[in-house]
Amino acid sequence: MHQGKVMTEVCVLIGAVLWLFSPSLWAQPQEIRIGATVSATGKFATEVGPFKNLLTAWADEINSRGGLWLQKPNRRLPLKVIVYDDQSDEATARRFYQRLITEDKVHLLLGPYSSSLTFAVSAVTEGLRIPLLAVCANSPKIYQRGFRYLAGILDEAPRYTYRYWDMIKAEKKAKTVSFVIEEALHPLSVYEGAKEMA
Numbered sequence: 231m232h233q234g235k236v237m238t239e240v241c242v243l244i245g246a247v248l249w250l251f252s253p254s255l256w257a258q259p260q261e262i263r264i265g266a267t268v269s270a271t272g273k274f275a276t277e278v279g280p281f282k283n284l285l286t287a288w289a290d291e292i293n294s295r296g297g298l299w300l301q302k303p304n305r306r307l308p309l310k311v312i313v314y315d316d317q318s319d320e321a322t323a324r325r326f327y328q329r330l331i332t333e334d335k336v337h338l339l340l341g342p343y344s345s346s347l348t349f350a351v352s353a354v355t356e357g358l359r360i361p362l363l364a365v366c367a368n369s370p371k372i373y374q375r376g377f378r379y380l381a382g383i384l385d386e387a388p389r390y391t392y393r394y395w396d397m398i399k400a401e402k403k404a405k406t407v408s409f410v411i412e413e414a415l416h417p418l419s420v421y422e423g424a425k426e427m428a
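231 is the number of the first residue of the sequence shown in my numbering; add one for each residue after it.
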């Protein structure tokens, strides 16, 4: 039951984003095209390589129910998901997001894994005015540029470890804390919040 509710909420969110921000949908399409990249290879592959299968299964589930309902044109449309391997690389991701917009003519984009890749591709998607839903990125720097075609769903990275610090303080065992930080957008943003709580 809970899974069905979550599926409904995701569909409503995507429908709202599509209706509000995607002028390409106003031309009465025959299907809804959603594009994304997944790091099937490269340094993020271990963490997110199987995500393409999840996106495909999600589209199959939506289509088995008759598609995604849109207020305008007041009917259900089949969902087509187009996914490329960004190879965990910013330049490759930018190329594929441009291709998704200019060649595949997607109506909505789901962001890649990581704040660094999302930061890179969001400049492309903003310039081409296609909405990007950042599903795996939460560095504040992504959202501080005043972009109109970008929305995130995760809590900001500086808040990422707040509950850990609450637990550590409640246990009253830690005397000293050290940080080892990867020099990348997400870990540095997490550190900004963590060092204030330490």
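Cβ coordinates follow ideal geometry from the N, Cα and C atoms, glycine included.
Source: prediction; values computed, not measured.
Between T267 and A323, the C-beta spacing is below 8 angstroms.
Bounds of the alpha helix (DSSP H) holding V354 are 345-357. Taking the Cα of A414 as reference, the smallest distance to any Cα among A350, T271, T355, P259 is reached at A350. Our two residues, Q317 and S269, have alpha carbons roughly 5 angstroms apart in a direct line.
Within the same chain, R306, L307, P308, L309 come within 7 angstroms of G297 by CB-CB distance, once the 5 residues on both sides are set aside.
Boundaries of the alpha helix (DSSP H) around Y373: 370-373. The Cβ neighbour count for F326, taken over all protein chains shown within 10 Å, is at least 16; the residue is labelled buried. Excluding its 5 nearest sequence neighbours in each direction, I312 has C-beta neighbours in its own chain below 8 angstroms: R263, I264, G265, A266, L330, D334, V336, listed in chain order. A residue is called buried when at least 16 other Cβ atoms come within 10 angstroms of its Cβ; P342 meets this threshold and is buried. Burial check for S369: the Cβ neighbour count within 10 Å reaches 16 or more, so the residue is buried. The continuous stretches of alpha helix (DSSP H) do not include A428, and DSSP gives it neither H nor E.
Minimum Cα-Cα distance from T286 among the listed residues P303, E277, T276, Y314 corresponds to Y314. With a beta-carbon spacing of about 17 angstroms, L300 and L339 fall beyond the 8 angstroms limit used to define contacts. In the DSSP annotation of this structure, the continuous segment of the beta strand (DSSP E) that includes V313 starts and ends at 309-315.
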